[in-house]
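Engineer: Numbering of the sequence shown is given in UniProt numbering, commencing with residue 1 and proceeding in unit increments. Note that CB positions come from ideal geometry on N, CA and C, so glycine has one too. For clarity, every value in this text was computed on a predicted model and none was experimentally measured. Here you go, one structure.
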Amino acid sequence: MAMASIETFLCYLLLLFQLSSCFTLDNITRNQTFKEGDLLVSKGHVFAFGFFSPGNSRYRYLGIWYHKVSEKSVVWVANRNNPISGSSGVLSIDQYGNLVLYSDPAQRVLVWSINVTLESSESDASVLQLLDSGNLVLLRGKSKKIVWQSFDYPTNTVLPGMHVGQNRKSGQYWIPTSWRSENDPSTGDYSIVLDTRGSPQFILYKDSRPHWRSIPWPWRIFSDIYNLSFVNNQDQISFTYHMLDASSTLRAVVDNSGFIKWLRMHNNDGKWKEFWSVPEYRCDLYGNCGASSKCAPSTPDKFECSCLPGFEPKFPREWQLRDASGGCIRKREDPSLLCGHGEGFVKVENVKLPDTSVAVWVDMNTTRMACEWECKKKCSCTAYASIDFAGKGSGCLAWYGQLWDTVEHIDETYDLYVRVDAVELAENARKSNAFGKKELKILILSIASAWFTIFFLAYLWLKKRRKAMKNKLENRIFDPISGSIYYKNTLVAREIGGSSRPPDVTFFDLSTIVIATKNFSPANKLGQGGFGSVYKGQLFNGQEIAVKRLSRNSVQGIEEFKNEVMLIAKLQHRNLVKLLGCCIEGGEQMLVYEYLPNKSLDVLLFDQTRRLELDWRKRFDIITGMARGILYLHEDSRLRIIHRDLKSSNILLDADMNPKISDFGMARIFKADQIQEKTNRVVGTYGYMSPEYAVFGKFSVKSDVFSFGVILLEVISGKKSNEFKLQDSCFCLIGHVWDLWCEGSVSEIVDPSLKGSYNPNDVSRCIQIGLLCVQENAMDRPTMLEVVLMLSSETPLPTPKQPAFVFREFSSNSNSFGVVEEESSSTNEVTVTDFIAR
1 MAMASIETFL CYLLLLFQLS SCFTLDNITR NQTFKEGDLL VSKGHVFAFG
51 FFSPGNSRYR YLGIWYHKVS EKSVVWVANR NNPISGSSGV LSIDQYGNLV
101 LYSDPAQRVL VWSINVTLES SESDASVLQL LDSGNLVLLR GKSKKIVWQS
151 FDYPTNTVLP GMHVGQNRKS GQYWIPTSWR SENDPSTGDY SIVLDTRGSP
201 QFILYKDSRP HWRSIPWPWR IFSDIYNLSF VNNQDQISFT YHMLDASSTL
251 RAVVDNSGFI KWLRMHNNDG KWKEFWSVPE YRCDLYGNCG ASSKCAPSTP
301 DKFECSCLPG FEPKFPREWQ LRDASGGCIR KREDPSLLCG HGEGFVKVEN
351 VKLPDTSVAV WVDMNTTRMA CEWECKKKCS CTAYASIDFA GKGSGCLAWY
401 GQLWDTVEHI DETYDLYVRV DAVELAENAR KSNAFGKKEL KILILSIASA
451 WFTIFFLAYL WLKKRRKAMK NKLENRIFDP ISGSIYYKNT LVAREIGGSS
501 RPPDVTFFDL STIVIATKNF SPANKLGQGG FGSVYKGQLF NGQEIAVKRL
551 SRNSVQGIEE FKNEVMLIAK LQHRNLVKLL GCCIEGGEQM LVYEYLPNKS
601 LDVLLFDQTR RLELDWRKRF DIITGMARGI LYLHEDSRLR IIHRDLKSSN
651 ILLDADMNPK ISDFGMARIF KADQIQEKTN RVVGTYGYMS PEYAVFGKFS
701 VKSDVFSFGV ILLEVISGKK SNEFKLQDSC FCLIGHVWDL WCEGSVSEIV
751 DPSLKGSYNP NDVSRCIQIG LLCVQENAMD RPTMLEVVLM LSSETPLPTP
801 KQPAFVFREF SSNSNSFGVV EEESSSTNEV TVTDFIAR
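Below, the structure written as structure tokens:
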């Protein structure tokens with residue numbers, strides 16, 4: 001039968017059973033309405049789009065299904081949570097270019113719609129098409145650019161080419177969710193999520209509880225039917241698959257009964273067959289045996305649960321009754337036994353690695369022994385695994401928390417190394433090698449003796465090395481004449497980085513720095529900071545540099561120097577200052593940076609003459625550049641960095657006035673899942689520190705957001721944050737801006753030197769963003785990603801709550817508020833007495 005005859009036959013069936021007209025369409029334009037009985041069919045007649053009723057349901061839904069399959073296989077539903085009662089549904093493209101679905105067009109009862117913004121001319125040219133991939137797309141104008149697609153809003157089916165994960169640009173998540181039942185496509189209990197913490201993994205949730213978990217990335221699945229694709233970049237982190245075998249069709253479904261099913265259909269028989277399904281065994285259920293345990297599929301006469309090495313059942317009686325939900329606990333609860341007391345690791349072979357949401361990639365290219373050493377250095381590291389990247393080297397994955405959902409596996413397995421104390425290590429060795437009691441004592445004594453010998457030799461070696469460092473050059477020496485780099489030794493590299501591999505930074509010869517700065521001539525001095533003096537220099541090859549020379553009287557020292565070298569060497573962004581190298585020789589400690597001719601932001605901003613160089617366009621570009629740099633530190637770099645000392649003097653400007661964040665001596669690295677940290681030594685600069693940090697020593701990414709907000713207000717107002725005095729009506733710039741904002745006097749906030757050359761709406765929006773950033777409660781402040789989106793869009797902003805440090809009255813006691821003892825440096829110790837807030 002010809003294709004046209006088949007279509008006609010289907011239409012006759014619709015007319016017979018639904019008493020409705022039937023039209024087969026290639027696309028839908030704004031001038032058309034799509035109603036009951038109409039079909040939108042993809043070009044290759046693979047998929048159809050129209051109204052349907054699932055199973056024995058009396059409700060009508062608008063969805064997509066396979067067109068040539070005898071049993072209707074629905075892959076997407078538009079109004080899944082808003083069904084239509086009856087056959088009066090109508091879909092159309094409205095005057096704004098949006099898809100709208102009405103259940104009663106006469107009364108305009110809206111059931112479902114999309115929300116895209118188009119120009120009027122573009123909305124007239126909007127076209128809805130169904131692609132052979134199963135993707136329903138809304139095209140805009142002559143360019144046929146996709147402005148909306150059904151692939152971005154999955155229901156319970158993942159088709160080839162669909163993504164599961166997150167669009168980092170828009171913040172949108174692609175999460176397939178099960179139907180409520182076979183007759184009800186509304187949102188069900190089960191959803192599949194790509195968990196990006198640690199090493200990415202898929203988790204099937206039942207409501208908000210994990211139900212099943214996949215093996216973590218890297219996935220080593222090889223098939224001649226399909227190939228998997230994993231994308232992890234600045235735009236998105238997602239998983240997708242594509243077909244390799246054109247003779248069959250494959251789809252993944254999140255079933256309403258709690259299964260993920262891969263269904264395969266040979267094109268010649270038109271029937272779906274189950275290709276793969278999970279969970280399959282009891283051990284597939286997430287955390288079936290509780291924490292710190294291992295689950296192994298077993299026979300009925302054997303319990304599938306066992307504790308990991310060094311652990312025992314938390315509730316032995318329940319364990320005997322085959323209830324392992326309580327999990328396992330350490331045999332010896334003293335945590336000090338696992339840190340510096342002869343502890344080690346026991347291998348657990350052939351397992352699906354534990355939940356990686358508490359794991360961190362330590363190194364993507366290292367040996368297993370180096371991985372073990374890295375884990376052993378950190379007392380909180382509970383286990384590690386050496387991951388082979390398909391013959392391209394091995395990486396080190398370390399766990400920092402409880403070990404959940406470790407399963408003995410057949411396919412895609414790895415060896416897990418669990419941290420145990422010296423006693424357990426010895427017992428395991430005895431069991432493995434049939435040692436007797438005498439051999440066990442000898443082993444313990446040997447371990448203790450070996451550690452003593454290692455520490456003693458290490459002490460002698462360190463003493464000798466420190467003495468040799470005084471007169472030796474660094475690991476890499478830069479020849480300014482030829483521009484070559486020569487390796488000499490790894491002595492100082494180990495001192496800085498704590499490993500035998502030097503950091504990715506050049507080590508300069510002291511004589512090179514002396515010649516470049518003309519022996520640190522006062523005429524070459526650019527300024528003074530917490531680290532010491534900064535000098536301008538020029539290498540023999542003509543390159544200009546800025547040299548930060550640590551003062552012997554500086555409050556900062558080798559720890560801050562090491563911190564800045566190791567951090568900034570790993571960071572590359574256009575809004576971060578570029579580190580060219582460092583020098584440690586002859587008692588000197590110096591950092592060598594690219595030279596930025598416009599110095600720091602405060603030099604221009606607070607100078608009555610030079611501030612005229614900063615018109616509103618340049619100031620706005622500086623604000624957005626700072627925001628992007630901080631966002632990179634918080635979310636987009638290889639490390640999550642909290643700067644802790646953001647201020648206008650640490651924002652440098654290049655020849656084109658592009659901002660570059662500098663001074664990472666006080667910065668701290670956060671783990672991927674870490675939210676907050678506390679310190680007993682509060683460092684920073686008065687006027688830029690958040691209240692929770694200044695008073696309680698707690699810092700997080702929201703602390704940097706607060707500092708950014710202060711700088712933003714400085715850029716707009718041209719006033720220093722800390723130039724206000726106690727007798728002033730406001731204690732600081734934040735209070736001054738807040739008062740004027742509440743009074744509606746926004747124009748009085750703006751720097752008079754701008755002389756009305758700005759757009760009032762743009763400036764008002766930036767001030768509102770600044771006030772959102774300096775809100776007193778850290779949870780109320782936006783993230784830097786939200787700040788960047790606010791600056792680059794015109795979406796409505798929330799109303800800011802009262803910011804921190806807004807004072808009206810002070811007691812006679814001069815210590816009635818938090819006192820910050822500011823020194824001439826950027827590293828300020830803070831003395832906290834009674835802090836009085838409104």
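(1) Between the C-alpha atoms of Leu-633 and Val-701, what's the straight-line distance to the nearest angstrom?
(2) Could I get the ranges of all uninterrupted beta strand (DSSP E) runs contained in the segment 543–593, with 3 residues as the minimum, in chain order?
(3) Where does Thr-187 fall in DSSP's three states?
(4) List the DSSP bridge partners of Val-158.
(5) With distances taken Cα to Cα, identify the nearest neighbour of Leu-337 among Ile-329, Asp-415, Cys-379, Ser-745.
(6) Quick one: which unbroken alpha helix (DSSP H) runs of 4-plus residues sit fully inside the segment 735–775? Chain order, please.
(7) Kindly give me the distance between the Cβ atoms of Phe-216 and Ser-229, rounded to whole angstroms, as I take these residues to be in contact under 8 Å.
(8) Smallest Cα separation from Ser-85: which of Leu-62, Phe-303, Leu-403, Ala-324?
(9) What residue does the beta strand (DSSP E) around Arg-419 start on, and which one ends it?
(10) Kindly indicate which residue of Lys-206, Ser-600, Arg-322, Asp-509 has the alpha-carbon position closest to the one of Gly-587.
(11) What are the partner residues of Asn-227, as DSSP defines its beta bridges?
(12) Quick check: the Cα distance between Glu-544 and Tyr-535, rounded to an integer number of angstroms?
(13) Classify Gly-687 as helix, strand or coil using the three-state DSSP reduction.
(14) Measure the alpha-carbon distance for Val-565 versus His-573 and round it to whole angstroms.
(15) With DSSP as the reference, label Pro-798 as helix, strand or coil.
(16) Do you know how far the Cα of Leu-285 is from the Cα of Asn-268?
(17) Buried or exposed for Met-369, going by 16 or more other Cβ atoms inside 10 Å?
(18) Less than 7 Å between the C-beta atoms of Ala-291 and Gln-402, yes or no?
(19) Going by DSSP, what residues sit across from Trp-262 in a beta bridge?
(20) Is the beta carbon of Leu-579 less than 7 Å from the beta carbon of Tyr-593?
(21) Cutting at 7 Å between CB atoms, please list the residues of its own chain near Glu-809, excluding the five before and the five after it.
(22) Taking the alpha-carbon of Trp-212 as reference, which of Ser-223, Asn-227, Pro-218, Leu-194 has the nearest alpha-carbon?
(23) When burial is assigned at 16 or more other CB atoms within 10 Å of the CB, is Lys-660 buried or exposed?
(24) Measuring straight from C-alpha to C-alpha, what distance separates Arg-251 and Phe-275?
(25) Roughly how far, in whole angstroms, is the beta-carbon of Thr-155 from the beta-carbon of Val-77, given that I think they are within contact range, below 8 Å?
(26) My assumption, with CB atoms under 8 Å, is that Arg-282 sits in contact with Asp-235. Please give the rounded CB distance.
(27) Is it true that the CB of Asp-663 sits closer than 7 Å to the CB of Asn-650?
(28) Of all the options Asp-184, Ala-426, Ala-458, which has the alpha carbon lying nearest to the alpha carbon of Ser-446?
(29) Leaving out five residues before and five after Asn-115 in sequence, what residues of the same chain have Cβ atoms less than 7 Å from its Cβ?
(30) Taking Trp-272 as the reference, which of Lys-72, Tyr-153, Arg-628, Tyr-693 has the closest Cα?
(31) Just to confirm my understanding: we take Asp-602, look at its own chain, exclude 5 residues before and 5 after, and list those with CB closer than 7 Å. What are they?
(32) What does the Cβ neighbour count give for Asp-224, buried or exposed, with the cut at 16 atoms within 10 Å?
(33) Excluding the 5 residues preceding and the 5 following Gly-709 in the sequence, name in chain order all residues of the same chain whose CB lies nearer than 6 Å to its CB.
(34) Identify, in the order they occur along the chain, each residue of the same chain with its Cβ nearer than 8 Å to the Cβ of Asn-56, setting aside the five sequence neighbours on each side.
(35) Out of Leu-646, Gly-625, Val-715, Pro-803, point me to the one whose CA is closest to Ser-792's CA.
(36) Does the distance from the C-beta atom of Ser-186 to that of Ile-175 stay below 7 Å?
Structural biologist: The short version:
(1) Here residue 633 refers to the residue found at position 633 of the sequence shown. Here residue 701 refers to the residue found at position 701 of the sequence shown. Using only the alpha carbons, I get a separation of about 9 Å.
(2) If we require 3 residues or more, the beta strand (DSSP E) runs fully inside the segment 543–593 come out as 544–550, 579–585.
(3) By one-based count along the sequence shown, residue 187 stands at place 187. Residue state, collapsed to three classes: strand.
(4) For the purposes of this step, residue 158 is taken as residue 158 along the sequence shown, with counting starting at 1. Answer is Ala-252.
(5) The count along the sequence shown starts at 1 and reaches residue 337 at position 337. When the alpha-carbon of Leu-337 is set against those of Ile-329, Asp-415, Cys-379, Ser-745, the nearest one is in Cys-379.
(6) If you keep only unbroken alpha helix (DSSP H) runs of at least 4 residues inside the segment 735–775, you get 760–773.
(7) As a working note, residue 216 is residue 216 in the sequence shown. As a working note, residue 229 is residue 229 in the sequence shown. Sequence check: residue 216 is Pro here, not Phe. Pro-216 to Ser-229, Cβ: 17 Å. No contact.
(8) Position 85 of the sequence shown holds residue 85. The shortest Cα separation from Ser-85 among Leu-62, Phe-303, Leu-403, Ala-324 belongs to Leu-62.
(9) Reading the sequence shown from its first residue, position 419 is the one you call residue 419. First-last of the beta strand (DSSP E) with Arg-419: 414–420.
(10) Looking up residue 587 in the sequence shown gives position 587. Nearest Cα to Gly-587 within the set Lys-206, Ser-600, Arg-322, Asp-509: Asp-509.
(11) Along the sequence shown, read from residue 1 onward, the residue named residue 227 stands at position 227. Paired residues: His-242.
(12) As a first step, residue 544 is located in the sequence shown; it is residue number 544 there, counting from the start. As a first step, residue 535 is located in the sequence shown; it is residue number 535 there, counting from the start. So the alpha carbons of these two residues sit roughly 11 Å apart.
(13) As a working mapping, residue 687 is identified with position 687 in the sequence shown. Looking at Gly-687 - three-state DSSP - the assignment turns out to be coil, as it is neither helix nor strand.
(14) Numbered from its first residue, the sequence shown carries residue 565 at position 565. Numbered from its first residue, the sequence shown carries residue 573 at position 573. The alpha-carbon atoms of Val-565 and His-573 are separated by roughly 16 Å.
(15) Walking along the sequence shown from the start, residue 798 turns up at place 798. In the structure shown, Pro-798 sits in coil (DSSP, three-state: anything other than H, G, I, E or B).
(16) Residue numbering aside, residue 268 sits at position 268 when the sequence shown is read from its first letter. Residue numbering aside, residue 285 sits at position 285 when the sequence shown is read from its first letter. Taking the straight line joining both Cα atoms gives about 36 Å.
(17) Within the sequence shown, residue 369 is the residue found at index 369, counting from 1. The residue in question, Met-369, is exposed, as its Cβ has fewer than 16 Cβ neighbours within 10 Å.
(18) Start at 1 with the first residue of the sequence shown, and residue 291 comes out as number 291. Start at 1 with the first residue of the sequence shown, and residue 402 comes out as number 402. Result yes, Cβ atoms of Ala-291 and Gln-402 sit closer than 7 Å.
(19) The residue given as residue 262 occupies position 262 in the sequence shown. DSSP, once it has assigned bridges, lists Ala-252, Trp-276 as partnering Trp-262.
(20) One-based indexing of the sequence shown puts residue 579 at position 579. One-based indexing of the sequence shown puts residue 593 at position 593. Closer than 7 Å, so yes.
(21) The sequence position of residue 809 within the sequence shown is 809, counting from 1. A caution first: Glu-809 carries a pLDDT of 44, below 50, which makes its placement in the model too unreliable to give a value.
(22) As a position in the sequence shown, residue 212 is number 212, starting the count at 1. The option with the nearest alpha carbon to Trp-212 is Leu-194.
(23) Locating residue 660 in the sequence shown gives position 660, where the first residue counts as 1. When all chains shown are included, Lys-660 counts as buried.
(24) Numbered from 1 along the sequence shown, position 251 holds the residue referred to as residue 251. Numbered from 1 along the sequence shown, position 275 holds the residue referred to as residue 275. Taking the CA atoms as reference points, Arg-251 sits about 10 Å from Phe-275.
(25) Here the question's residue 155 lines up with position 155 in the sequence shown. Here the question's residue 77 lines up with position 77 in the sequence shown. At roughly 5 Å, the Cβ-Cβ gap stays under 8 Å, so Thr-155 and Val-77 are in contact.
(26) Locating residue 282 in the sequence shown gives position 282, counting from the first residue. Locating residue 235 in the sequence shown gives position 235, counting from the first residue. Between the beta-carbon of Arg-282 and that of Asp-235 there is about 39 Å, and that puts the pair past the 8 Å contact cut.
(27) What you label residue 650 is simply residue 650 of the sequence shown in a count that begins at 1. What you label residue 663 is simply residue 663 of the sequence shown in a count that begins at 1. For Asn-650 and Asp-663, yes; Cβs fall inside 7 Å.
(28) Within the sequence shown, the letter at position 446 stands for residue 446. In this structure, Ala-426 is the residue among Asp-184, Ala-426, Ala-458 with its C-alpha nearest to the C-alpha of Ser-446.
(29) Taking the sequence shown and counting its residues from 1, the one referred to as residue 115 is at position 115. Same-chain partners within the cutoff: Asn-98.
(30) In the sequence shown, the residue the question calls residue 272 occupies position 272. Taking only the C-alpha atoms, the option nearest Trp-272 is Lys-72.
(31) One-based indexing of the sequence shown puts residue 602 at position 602. Here the set comprises Ser-648, Ser-649.
(32) Indexing the sequence shown from 1 puts residue 224 at position 224. With fewer than 16 Cβ atoms within 10 Å of its Cβ, Asp-224 is classed as exposed.
(33) Counted from its first residue, the sequence shown places residue 709 at position 709. Cβ within range, chain order: Gly-770, Cys-773, Val-774.
(34) Indexing the sequence shown from 1 puts residue 56 at position 56. Result list for Asn-56: Asn-183, in chain order.
(35) Along the sequence shown, read from residue 1 onward, the residue named residue 792 stands at position 792. For Ser-792, the nearest C-alpha among the options comes from Gly-625.
(36) The residue given as residue 186 occupies position 186 in the sequence shown. The residue given as residue 175 occupies position 175 in the sequence shown. Cβ atoms of Ser-186 and Ile-175: not closer than 7 Å.
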